[in-house]
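So the sequence lines, in the order shown, correspond to chains R, G, H and F.
Mapping to the UniProt record's numbering: the first sequence position 241 is 241, numbers consecutive.
Mapping to the UniProt record's numbering: the second sequence position 226 is 226, numbers consecutive.
Mapping to the UniProt record's numbering: the third sequence position 42 is 42, numbers consecutive.
Mapping to the UniProt record's numbering: the fourth sequence position 89 is 89, numbers consecutive.
C-beta atoms are modelled at their ideal positions from N, C-alpha and C, and glycine is treated no differently.
These numbers come from a predicted model, not from an experiment.
4 protein chains.
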Amino acid sequence: MGMSGVLRPGHAAIKVLDLDEAVHFYTNVLGMLETGRDSFGRVYFKAWDERDHNSLVLRQSDRAGLDFFGFKVRDEASLDKLESNLRAWGISTERVAAGEMLATGERVRFESPSGHLLELYAEKKHVGTPMGNRNPDPWPQGLKGIAPIRMDHSFLAGGDVAKTEKLFTEVLDFYVTERILLDDGVTSAAVFLSCSTKSHDIAFGLHPEPGRLHHVSYRLESWEQVLRAADIMSMNKVSIDIAPTRHGVTRGATVYAFDPSGNRFETFSGGYETYPDAEPIEWTFEEMGSAVFFHERNVDPLFFETTT
Amino acid sequence: MGMSGVLRPGHAAIKVLDLDEAVHFYTNVLGMLETGRDSFGRVYFKAWDERDHNSLVLRQSDRAGLDFFGFKVRDEASLDKLESNLRAWGISTERVAAGEMLATGERVRFESPSGHLLELYAEKKHVGTPMGNRNPDPWPQGLKGIAPIRMDHSFLAGGDVAKTEKLFTEVLDFYVTERILLDDGVTSAAVFLSCSTKSHDIAFGLHPEPGRLHHVSYRLESWEQVLRAADIMSMNKVSIDIAPTRHGVTRGATVYAFDPSGNRFETFSGGYETYPDAEPIEWTFEEMGSAVFFHERNVDPLFFETTT
Amino acid sequence: MGMSGVLRPGHAAIKVLDLDEAVHFYTNVLGMLETGRDSFGRVYFKAWDERDHNSLVLRQSDRAGLDFFGFKVRDEASLDKLESNLRAWGISTERVAAGEMLATGERVRFESPSGHLLELYAEKKHVGTPMGNRNPDPWPQGLKGIAPIRMDHSFLAGGDVAKTEKLFTEVLDFYVTERILLDDGVTSAAVFLSCSTKSHDIAFGLHPEPGRLHHVSYRLESWEQVLRAADIMSMNKVSIDIAPTRHGVTRGATVYAFDPSGNRFETFSGGYETYPDAEPIEWTFEEMGSAVFFHERNVDPLFFETTT
Amino acid sequence: MGMSGVLRPGHAAIKVLDLDEAVHFYTNVLGMLETGRDSFGRVYFKAWDERDHNSLVLRQSDRAGLDFFGFKVRDEASLDKLESNLRAWGISTERVAAGEMLATGERVRFESPSGHLLELYAEKKHVGTPMGNRNPDPWPQGLKGIAPIRMDHSFLAGGDVAKTEKLFTEVLDFYVTERILLDDGVTSAAVFLSCSTKSHDIAFGLHPEPGRLHHVSYRLESWEQVLRAADIMSMNKVSIDIAPTRHGVTRGATVYAFDPSGNRFETFSGGYETYPDAEPIEWTFEEMGSAVFFHERNVDPLFFETTT
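Here it is in structure tokens:
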């Protein structure tokens, strides 16, 4: 009862082409807080309002993209139950040992029909926020860069969105909040899924190649902070993909940009609260432009195609 | 798994001294949408982004205050399970017939240790939003008054907050997000509880009399909308209790005011996202002022004492 | 001494292709207040915070564009002095009789080197604001559409920007706040001029054809109102040219769109306060993109070329 | 013609009880930039968007309060003309030598009927902004504390407001934008004066003692920045006088607080643009509360009485 099973998006593990450059970028421009480095050379970050040890992990590689994306579940019992449900549904799982990621317990890893490596885990060390838990200030002074509140969601691109949606709704107990339809009026070009009251915790979109990262999204407090984020990006010559605008889907306000390795990220505010008893919102093929960018009412196919 | 059991605060039933005056106020100043009237003379309202038929019910009475406060649960099975759990915990329940409230299914009613009449229900007719579910606009044009997004939570005052907290955490699977302590360092003067990722879905505070209403809160989109709300209140000579400020608790931004019958209400924005695995934030007795009003850092005892 | 001579941009007279459609648009979408119609069939509007009778005049024509743009001067003595200064500088002037425009005194009309019909006038009837002058509310309830505070400035495109700049600085006592340079590092592609503490009251840009209207700009209160403006445009299927972003020049936040006749307009907030003793800001040719759109850091030549 | 004579409020010279504490406060909490110290031990500050060398000067003293308040005039000719006008009007003036204040030219000093030491000056060294004058960013990164855009105005309390108003309107060519009336319906309890398009550049209020400082005001960009200012004050245990609200007068949004010596200051955003041809807004005695604090609709007499 209550919130059980999957609680939230927990960590995004991202491949970058130049680790030093990436660490500088995520620290000083995006404004994440570095929380550790491991023996594999991976660098861990959290956002200031997150209590867990990390939500972003960078690894140097010869190509950009997503290593894996993990969800925090409520407890070990949930982890076991979800693993057995995944297997019953026909998904192979493996366990990654506790400690393989810093401050993180055992992970159940599986591949989604969309070709992404996903994970569930029940334990991640609470390191708390800079404000502490006793008479806390509303936000910490001395942050750098954009300084998002938390890692919010990811949009993953790949094949078989329909089966991935079924996996998330039937096994992981997410619910669909919105979908964008293809011109057949039936197939989802993109589907937005929530395991909470957030307008989305994960989204999937069709892409010719499996396992692609469209973007990881970081939450900001307000539309004014979205402007500030875009300002900071330009001041730092960040490659901005889409300047401040509103999504039709989720109503959220957004700026899209690329990290130095070409991984797209989003700084995002707003979006409604919703519940599993709400019927999904549907966007028709003709209104796909408004669905994605409510003001432009048009979306360049490159926006979908460009992934890492 | 996922969101089950109690989903959200669903309806507040409020007693008013002059129904016509109250309907005018809630329609034109607060900006709720009237959705029906029943044979008992009650008037039903929803906020524009709510999909259910009603979240506020007004009834004329010779004294102001709360009739009852209801929570939407996910389904009939949850309703049955929660009722049997309540009884097992020693709480008497009764069923109110479907249809007794407009567009609302059978309700399980019980009294909290704090002396409030609370309800659970699984069914309320979906009437949707003015924007619809297909290619929706982000918000509807032509709203009146303050026009909150949704009814957000209620703060109830009464006796035995400790036992009420236990009821909500042990039986209804809420979790404590924050508490304000008395000078004994142990007793909660107020406790804030969530059944979602919201910073609070319900709160209870100590009061010498049981069953008191401190306020019903309505969500706004932004701090700028909080200013606009206060402006509209002043333009309409609404009795404002507390002008725009930030809470320490929840970080939310707030204006408190009174409806024409003296029922306090709040227009509220912000507040963080949280999860059941977060440890509660504690405010010490010495910092109670900052907990309640972060800028004033002081709270007049009348703020707690004045209830309906 | 003090503010004398030219006080402010006062009226924009615009040609539209279909007057009824235009009146509907400017009333219900942009949210100007109609204040009168004259015997020539012209329709007059003001913004809600303007005290003068009109700031926008629409006239039906077989082509879109600017009829003329007028500046309010402090008094008749200023009008006479400025007229004689214009003539001494070699600019022909003519007087348009008081009353030719509704509620407007005698106008001194002249053509700028850029090929625009400009006017000065000392009298326009004060009709006041909806809030009145005694214990006023901060803003009026019941407005429609975007509802700008006031008409802010115009950007006019044509030839001989250099001579036009000299006219405005030497004769009309404007001062240059910013300029965007061509690749010769000397010639201004665009120049921004102020007669007040506003970051611009008028601007001129090079264009192959004389007398072109790039846009009339309307002031909004905040960046959140800029978002709302873009939302309202999309809800009403207005042709949006540029979605919310920030200018490098003036720092202002902006949305550009077209009225139903294709006349570009801007809804604008922010921009700094400046003074005639400040040295102009210069944008180099290489940074013209950032100068115009600070986040995109690129400007499509069509943005300059498309005028009416 | 154009903007001549007095351009703007230029510098506030403030007495503080502990210079080190004050420098720490104005640097790290208010977020002004220190620009120099002189042989008298005075410390000079500017706000980030000001181009002149200083707008705030602190001097240690055994009592808090205002030393003097200065206005920048357009040029030496204006300075001479204004001085001779002051004398003709019966005001004694004296010249303070160039260089007596750092980076500042000769000043014409006089005492207002309200008992304040005021100054005019034509020269203050341009040190520019951190963003520079060539392809500037919209704001500088790395600021500390509240970081206002500029010193905006001062509210001075003392005797003979009526004669002071005449001095400012008849000699210095300011114009009255608003006044709050006493219960005789004639006498101004407070008068707000502008020499620009700002809603006020200086204000005077009745006080039993002459030469009192009610507050110096610093401009912020937005209502969200007003919230942030109040947050920063509370985080730093600054004594807040009035938490975020809106003024009826000027419509501006405000937080009032005290520096460590007890000098009140304001962080302020908004306010309308106005012009010398606008009739003043009047607030009746009965609505004095709304005039000062539009939401509270009440003002504690201590708010006026407490001055330094």
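- [ ] Could you tell me the distance, in whole angstroms, from the CA atom of G/P138 to the CA atom of H/V238?
- [x] Residue numbering aside, residue 138 of chain G sits at position 138 when the second sequence is read from its first letter. Residue numbering aside, residue 238 of chain H sits at position 238 when the third sequence is read from its first letter. Their Cα atoms are separated by approximately 16 Å.
- [ ] Whole angstroms is fine: what's the gap from G/T93's alpha carbon to G/E119's?
- [x] Position 93 of the second sequence, counted from the start, is the residue given in the question as residue 93 of chain G. Position 119 of the second sequence, counted from the start, is the residue given in the question as residue 119 of chain G. Those two C-alpha atoms are separated by around 9 Å.
Open item on the list: Going by beta-carbon coordinates alone, are H/V176 and H/L82 separated by less than 9 Å?
Closed with: Numbered from 1 along the third sequence, position 176 holds the residue referred to as residue 176 of chain H. Numbered from 1 along the third sequence, position 82 holds the residue referred to as residue 82 of chain H. For H/V176 and H/L82, no; Cβs fall outside 9 Å.
Task: Cβ-based neighbour list, R/E296, same chain, cut-off 6 Å, excluding 5 preceding and 5 following - done: For the purposes of this step, residue 296 of chain R is identified with residue 296 of the first sequence, where counting begins at 1. Here the set comprises nothing.
Open item on the list: According to DSSP, H/F304 sits in a beta bridge with which residue or residues?
Closed with: In the third sequence, counting from the first residue as 1, residue 304 of chain H sits at position 304. H/F304 is not bridged to any residue.
TODO: Please name the residue, chosen from R/T308, R/A47, R/T27, that lies closest to R/M151 on a Cα-to-Cα basis.
DONE: As a first step, residue 151 of chain R must be located in the first sequence, where it is residue number 151. Nearest C-alpha to R/M151: R/A47.
Open item on the list: In the DSSP output, which residue or residues are listed as bridge partners for G/L118?
Closed with: Indexing the second sequence from 1 puts residue 118 of chain G at position 118. DSSP output for G/L118 lists G/F69, G/F110 as bridge partner(s).
- [ ] State buried or exposed for R/G159, treating a residue as buried only when at least 16 other CB atoms are found within 10 Å of its CB.
- [x] Along the first sequence, one-based indexing puts residue 159 of chain R at 159. Flag for R/G159 reads buried.
Open item on the list: Run through the DSSP bridge pairs and tell me what R/R246 is partnered with.
Closed with: Locating residue 246 of chain R in the first sequence gives position 246, counting from the first residue. Bridge partners of R/R246: R/A253.
TODO: Give the secondary structure of F/Y26 by DSSP, where H, G and I count as helix, E and B as strand, and everything else as coil.
DONE: As a working mapping, residue 26 of chain F is identified with position 26 in the fourth sequence. DSSP places F/Y26 in helix when its eight states are reduced to three.
Task: Proximity test, Cβ basis, 9 Å: F/H295 and chain R - done: Residue mapping note: residue 295 of chain F aligns to position 295 of the fourth sequence, counting from 1. Chain R contact via Cβ: absent.
Task: F/D231: contacting residues in chain G (beta-carbon distance under 8 Å) - done: Within the fourth sequence, the letter at position 231 stands for residue 231 of chain F. Ordered by position in chain G, the residues that pass the 8 Å Cβ test against F/D231 are R246, F294, H295.
Task: Straight-line gap, F/G41 to F/L227 (C-alpha atoms, nearest Å) - done: Position 41 of the fourth sequence, counting from 1, holds the residue named residue 41 of chain F. Position 227 of the fourth sequence, counting from 1, holds the residue named residue 227 of chain F. So the alpha carbons of these two residues sit roughly 34 Å apart.
TODO: Report the neighbours of R/E287 on chain G: residues whose CB is nearer than 9 Å to its CB, in chain order.
DONE: Taking the first sequence and counting its residues from 1, the one referred to as residue 287 of chain R is at position 287. Going along chain G in sequence order, the residues near R/E287 (Cβ under 9 Å) are R134, N135.
Open item on the list: Would you say F/W48 lies against chain R (beta-carbon separation less than 9 Å)?
Closed with: What you label residue 48 of chain F is simply residue 48 of the fourth sequence in a count that begins at 1. No - not a single Cβ of chain R is within 9 Å of the one on F/W48.
- [ ] Give a yes or no on whether 9 Å exceeds the smallest Cβ distance from G/H53 to chain R.
- [x] By one-based count along the second sequence, residue 53 of chain G stands at place 53. False, the Cβ-Cβ gap to chain R never drops below 9 Å.
TODO: With distances taken Cα to Cα, identify the nearest neighbour of G/S234 among F/A157, F/R51, F/R74, F/R251.
DONE: Taking the second sequence and counting its residues from 1, the one referred to as residue 234 of chain G is at position 234. The candidate whose alpha carbon is nearest that of G/S234 is F/R251.
Open item on the list: Just to make sure I have the definition right: I need the residues of chain F whose C-beta is within less than 8 Å of the C-beta of R/Q141. Which are they?
Closed with: Counting from one through the first sequence, the residue named residue 141 of chain R turns up at place 141. Simply I232, M235.
Task: chain H within 9 Å of G/S269, Cβ atoms only - done: Position 269 of the second sequence, counted from the start, is the residue given in the question as residue 269 of chain G. Output row for G/S269: interface = no.
Open item on the list: Let me check one thing: in DSSP terms, what residues is G/Y175 bridge-paired to?
Closed with: Position 175 of the second sequence holds residue 175 of chain G. G/Y175 pairs with G/S194.
Task: Anticipated Cβ contact below 8 Å, F/S269 with F/L220, distance rounded - done: Here the question's residue 269 of chain F lines up with position 269 in the fourth sequence. Here the question's residue 220 of chain F lines up with position 220 in the fourth sequence. Their Cβ separation, rounded to whole angstroms, is 4 Å, which keeps F/S269 and F/L220 in contact under 8 Å.
Task: Proximity below 9 Å, CB of F/S114 to CB of F/T169 - done: The sequence position of residue 114 of chain F within the fourth sequence is 114, counting from 1. The sequence position of residue 169 of chain F within the fourth sequence is 169, counting from 1. No.
Open item on the list: Going by beta-carbon coordinates alone, are R/G271 and R/A147 separated by less than 9 Å?
Closed with: Here residue 271 of chain R refers to the residue found at position 271 when the first sequence is read from its first residue. Here residue 147 of chain R refers to the residue found at position 147 when the first sequence is read from its first residue. Their beta carbons are not under 9 Å apart, which means R/G271 does not touch R/A147 by this criterion.
TODO: Determine the extent of the alpha helix (DSSP H) in which F/M233 is found, giving its start and end residues.
DONE: Residue numbering aside, residue 233 of chain F sits at position 233 when the fourth sequence is read from its first letter. That run of the alpha helix (DSSP H) goes 223-235.
Open item on the list: I'd like the list of long-range same chain contacts for G/I180, defined as Cβ closer than 6 Å, with 5 residues on each side in sequence excluded.
Closed with: As a working note, residue 180 of chain G is residue 180 in the second sequence. So the qualifying residues of the chain are A189, A190, W283, M288, A291.
TODO: Tell me, please, whether the CB atom of H/M1 is closer than 9 Å to any CB atom in chain F?
DONE: Working through the third sequence from its first residue, we reach residue 1 of chain H at position 1. With a pLDDT of 49 at H/M1, under the threshold of 50, the modelled position of that residue is not reliable, and the figure given next carries that caveat. It does; some Cβ of chain F falls within 9 Å.
- [ ] Enumerate in chain order the residues of its own chain whose CB-to-CB distance from F/A97 is below 7 Å, with the five nearest sequence positions on each side excluded.
- [x] Reading the fourth sequence from its first residue, position 97 is the one you call residue 97 of chain F. Only E106 meet the Cβ criterion.
Open item on the list: Tell me the rounded alpha-carbon separation between H/M1 and F/A203.
Closed with: Position 1 of the third sequence holds residue 1 of chain H. Position 203 of the fourth sequence holds residue 203 of chain F. With a pLDDT of 49 at H/M1, under the threshold of 50, the modelled position of that residue is not reliable, and the figure given next carries that caveat. Computed Cα separation, rounded: 20 Å.
- [ ] Output yes if chain R places a C-beta closer than 9 Å to the C-beta of F/L302; else output no.
- [x] Sequence index remark: in the fourth sequence, residue 302 of chain F carries index 302 (1-based). So no, F/L302 is outside the interface.
Task: Cutoff 6 Å; reference F/P140; Cβ partners in own chain excluding five residues on either side - done: Position 140 of the fourth sequence, counted from the first residue, corresponds to residue 140 of chain F. Here the set comprises W48, P130, M131.
TODO: Identify the contact partners of F/L102 in chain G, using a Cβ-Cβ distance below 9 Å as the criterion.
DONE: The residue you call residue 102 of chain F lines up with position 102 of the fourth sequence. The contacting residues do not exist; F/L102 stays about 35 Å from chain G at best.
TODO: Give me the Cα-Cα distance between H/P280 and F/W89, rounded to the nearest whole angstrom.
DONE: One-based indexing of the third sequence puts residue 280 of chain H at position 280. One-based indexing of the fourth sequence puts residue 89 of chain F at position 89. Between H/P280 and F/W89, the C-alpha separation is close to 37 Å.
Open item on the list: Given this structure, state the Cα-to-Cα distance separating H/L56 from H/F45, to the nearest angstrom.
Closed with: As a first step, residue 56 of chain H must be located in the third sequence, where it is residue number 56. As a first step, residue 45 of chain H must be located in the third sequence, where it is residue number 45. Approximately 5 Å between the Cα atoms of the pair.
Open item on the list: Would you say residue 309 of chain G lies against chain F (beta-carbon separation less than 9 Å)?
Closed with: In the structure displayed, chain G extends from 1 to 308; residue 309 of chain G sits before or after that span and is not available.
TODO: Starting from the Cα of R/F110, find the closest Cα among R/E123, R/P136, R/L79 and give me that residue.
DONE: Counted from its first residue, the first sequence places residue 110 of chain R at position 110. If we check each option's Cα against that of R/F110, R/L79 comes out closest.
- [ ] Could you give the DSSP three-state label for G/K15: helix, strand or coil?
- [x] Reading the second sequence from its first residue, position 15 is the one you call residue 15 of chain G. Strand.
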